[in-house]
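Visitor:
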Amino acid sequence: MNKPQKKDVFYWFLYFALPLIILIIWESFDRAGKLKPYTMPSLEKLFDTTVEYAKNGQLLTNIGVSVSLVLEGFFLALVTALIIGMLVSLFPKFDTFTDLIIQILKPIPPIAWIPLAILWFGIGQESKIFIIFIGAVFPVFLNTVDGVKTIDKKYFELAKVYEIPKSELIKNIIIPGALPSIMTGIRLGVGNAWVSVVAAEMIGATKGVGYMLSNGRSLSRPDIVILGMLLVGVFGKIMDDILRLLRKKVITWL
Amino acid sequence: MAKLNYNDNFYEPSDELIAVNDLNFKGEEPIVEGEELIAIENVDLEYTGKTGDIKALENINFNIFPGEFVCVLGPSGCGKSTLLKILAGFIQPTSGSVKLDGEEIKGTDWHRGVVFQNPPLYEWFSVRDNVAFGPKMRGIPKEKYIPLTDEYLAKVGLSEFSDKKIYELSGGMKQRVSIARALINDPEILLMDEPFGALDALTRENVQDLTRKIWWDTGKTIFFITHDVEEALLLASRIIVLSKHPGRVIEDIRVNFSRQIVEDCAEDIKFTPEFYKYREKLLKLINSQPQR
Ligand SMILES: Nc1ncnc2c1ncn2[C@@H]1O[C@H](COP(=O)(O)OP(=O)(O)OP(=O)(O)O)[C@@H](O)[C@H]1O
Ligand SMILES: [Mg+2]
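Going line by line, the protein sequences match chains A and U. For the first sequence, position 88 (counting from the first letter as 1) is numbered 88 according to my numbering, and the numbering increases by one without interruption. For the second sequence, position 174 (counting from the first letter as 1) is numbered 174 according to my numbering, and the numbering increases by one without interruption.
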C-alpha cells in the first residue's frame, strides 16, 4: 500500500515547498500593493485575526461546536449504516425490500436536505446533526455492503465445512472480512460529515466554522472567511489522519 | 459392497496404446480391497449454463478404499474439480450416488478436509488461529485444541511461524497451513485440488514430500487432483484418468513409486525406465483422446 519513502531532509523540504511558495507569492503581492483589504487580506492581517480569535476564545468555540456536531451525527450514521448494511448483506429479502428507496435517496446530496431539515428541526443543532447523518450514512452503508459482498466465497465454503453458527460467522469472517472496506467507508463518511456541517452552518447558524464563513462574508471580512476555510481544511486533514492511523491499528493483516 | 462395474464405460484403447500395454497396467480389472471408504456409483453431473447445459461428468463409477492415495489426472476442463466438489459436498450429482461409509454425502462437513490451489486462509488470523479455527468452531475446548494446533503446526514444519500473519508467508507455507488446517480435524479423507499448481519447482517438491510423508505416517486417505503426470506418479498409490468432455473414467491403475520412495528412500525413482514408461503411457492416454 504505502510505499516506504525515506523521510529525509529533502522529503520535508519538498513537502513544505509548495505552501511556502504560495505564502511568498501572497506576501509579495501585498508588498506590491496589489491586495485590496475587502477582497483579500494581507498575511499580516490574517495572522492578527487568527491571534484575535484565538485570544477571545471564538476559534475554540467555533471549532468545538462543529467538531462535536460531526461526532454526534457521524456516530448516529455509523451505527445505522452498519446495522442496515449487515442486514442487507445477510438477508437478500431485506436487500430487495430496501433497495429502491436506498437507490433513490443516495444521489440526493446532503445540502439538498438542508431546506427540509430546517423546516423539520429549525436552525438548531438537530437540523445540523440530521444533515451530517445524511452525509455520512451512505458512504459507510455502501462500503459495508460492498465489503461483505467482496469477501472471497471460499471463506464461506470453508466456514460451512465447520458448521459454524451465524453469530460466529459474523464475528470471525464477515466483520473482519469487510473491515477494510468499512474503514474506507468511515473515512469517506467522516469527510462527508465534515463537508455537510460546514454547508449546514453556512445556511443557518450562530456558531461553528461554517458560520465563520458566512459571517465573514456579510461583514466583508475576507480574513475571517479565509481563517474559517483554513480551519475546515486543517481539521479535515487531522480527522482523516486520525482515521488513517486507526485503520492501521485495526487492520493489521494487509 | 458397491458394484464394481466400471469396465463397461472404459475407453477402448487404440492400437497405439496397446503397444505400451506390456506394463503391468491393472486398469482393466476392478480394484477390490475390503470395505470401501467412498463409493461413487453412476455419477453424472450436468451444469445448466446460459449457453446450454454442459455435461461435466458421465457415468463415474469407482470406490476409494481406506489408506489410498488416489490421484486424478485429465485434460483441463474434463471435470476433475467438479468431481472433487461432489466428494466435498459443495455440489450434488445430477444423478447417481456418492457415499461415505455407506452414507450419502449431502453437504459439506469436516469429515472431508479440502485443500485448494489458492487456499482461502483467513488473512485476519495468524497462522496458528487459522489452523485452530476448525476445532475451535466445532466447540472443542481450548485445552485440547491448543496442543493439537501445536502438533499439526509441527507436522507441517511451521512451528516457528505460528504467530505470523498470512501475508508474511510464501506460497508453499500457505499451502502447508492449509494442509495442517484440513488435517487437524482428522478428516476421513483429504481432498486436494491441484494444491501445488501455483508453486515453483523446488517448493513444490518440498510440499509433495511433506504430503507423501503425512499420507504414509498417518495412513490418511487422500484424493488428489493434478494435471501433472509426474506429480501423480510420485505421490499416488492409484491413478485415475478422466477423459475429455464429458469426464469419464478411462484408466484406473495402481502405482508403487510413492511407496518405494518412502520405503526404500528411492528419491531418484523418476529417472528409472519403469517410471518413464508409466509417464509416457499416461501422457499418451491424456493427450490422445478421441474427439466425440
Ligand atoms: N459452475 C459451473 N457452471 C457451469 N459450468 C461449469 C461450472 N464449473 C465448471 N463448469 C464446466 O464443467 C467442465 C468441467 O470443469 P472442471 O472445473 O471440473 O474442470 P477441471 O478438470 O477441474 O479443469 P482444470 O484442470 O482446468 O481445473 C468445464 O467444461 C467447465 O466449463
Ligand atoms: Mg480444476
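Ideal Cβ positions, reconstructed from N, Cα and C, are used throughout, including at glycine. None of these values were measured; they are calculated from a predicted model.
Indicate the three-state DSSP secondary structure (helix, strand or coil) for K7(A) in the structure shown.
Guide: coil
Visitor: Name all residues in chain order for which at least one heavy atom of ligand 4 lies closer than 6 angstroms to the residue's CB.
Guide: For the structure depicted, ligand 4 is absent and the ligand set comprises only ligand 1 and ligand 2.
Visitor: Quick check: is any heavy atom of ligand 2 less than 7 angstroms from the C-beta of E194(U)?
Guide: yes
Visitor: Identify whether Y47(U) lies in helix, strand or coil by the three-state DSSP scheme.
Guide: strand
Visitor: Beta-carbon within less than 7 angstroms of L235(U)'s beta-carbon, same chain only, minus the 5 sequence neighbours each way: which residues are those?
Guide: Residues F69, C71, Q208, T211, R212, F224, S258 of the same chain have their beta carbon placed closer than 7 angstroms to that of L235(U), with the five preceding and five following residues left out of the count.
Visitor: In chain A, which residues lie less than 7 angstroms from R138(U) when you measure between Cβ atoms?
Guide: Y162
Visitor: Please classify E29(U) as buried or exposed, where buried requires at least 16 neighbouring CB atoms within 10 angstroms.
Guide: Note on E29(U): pLDDT 42, under 50, position unreliable in the model; the coordinate value appears next. When all chains shown are included, E29(U) counts as exposed.
Visitor: Please list the terminal residues of the continuous beta strand (DSSP E) segment that includes K99(U).
Guide: 95-100
Visitor: Just to confirm the assignment: which complete alpha helix (DSSP H) runs, minimum length 4, are found wholly within the region 42-91 of chain A?
Guide: 43-55, 58-90
Visitor: Give me the Cα-Cα distance between V234(A) and L227(A), rounded to the nearest whole angstrom.
Guide: 10 angstroms
Visitor: Going along the chain, which unbroken runs of the alpha helix (DSSP H) with 4 or more residues stay wholly within the region 105-149 of chain U?
Guide: 127-137
Visitor: Name the chain A residues that come within less than 7 angstroms of G134(U), Cβ to Cβ?
Guide: Y162
Visitor: Quick check: the Cα distance between D22(U) and M173(U), rounded to an integer number of angstroms?
Guide: Model confidence at D22(U) stands at a pLDDT of 36, short of 50, so the residue's coordinates are unreliable and nothing is read from them.
Visitor: For M40(A), does the three-state DSSP call read helix, strand or coil?
Guide: coil
Visitor: Determine the chain U residues that contact V254(A) at a beta-carbon separation under 8 angstroms, and present them in chain order.
Guide: What sits at residue 254(A) in the sequence shown is Leu, not Val. Those are E123, Y167, listed as they occur along chain U.
Visitor: Which of helix, strand or coil does DSSP assign to R248(U)?
Guide: Looking at R248(U) - three-state DSSP - the assignment turns out to be coil, as it is neither helix nor strand.
Visitor: Output the boundary residues of the alpha helix (DSSP H) element that contains R279(U).
Guide: 273-287
Visitor: Let me know the secondary structure DSSP gives L73(U) once reduced to three states.
Guide: strand
Visitor: For E157(A), which of helix, strand or coil comes out of DSSP?
Guide: helix
Visitor: Taking 8 angstroms as the CB-CB limit, is D163(U) close to chain A?
Guide: no
Visitor: Which chain A residues are close to D193(U), counting only those with a beta carbon under 8 angstroms from its beta carbon?
Guide: By Cβ distance, chain A contributes nothing, its closest Cβ being about 11 angstroms from D193(U), past 8 angstroms.
Visitor: Figure out for me which residue from S126(U), L84(U), K136(U) has the closest Cα to the Cα of Y167(U).
Guide: S126(U)
Visitor: Is the Cβ of K80(U) closer than 8 angstroms to any Cβ of chain A?
Guide: no
Visitor: Fully enclosed by the region 105-169 of chain A, which alpha helix (DSSP H) runs are 4 residues long or longer?
Guide: 114-121, 125-149, 153-161, 166-169
Visitor: Grab me the residues of T295(U)'s own chain with a C-beta within less than 6 angstroms of its C-beta, minus the 5 sequence neighbours each way, in chain order.
Guide: The structure shown does not extend to residue 295(U), since chain U spans only 1 to 292, so no value can be given for it.
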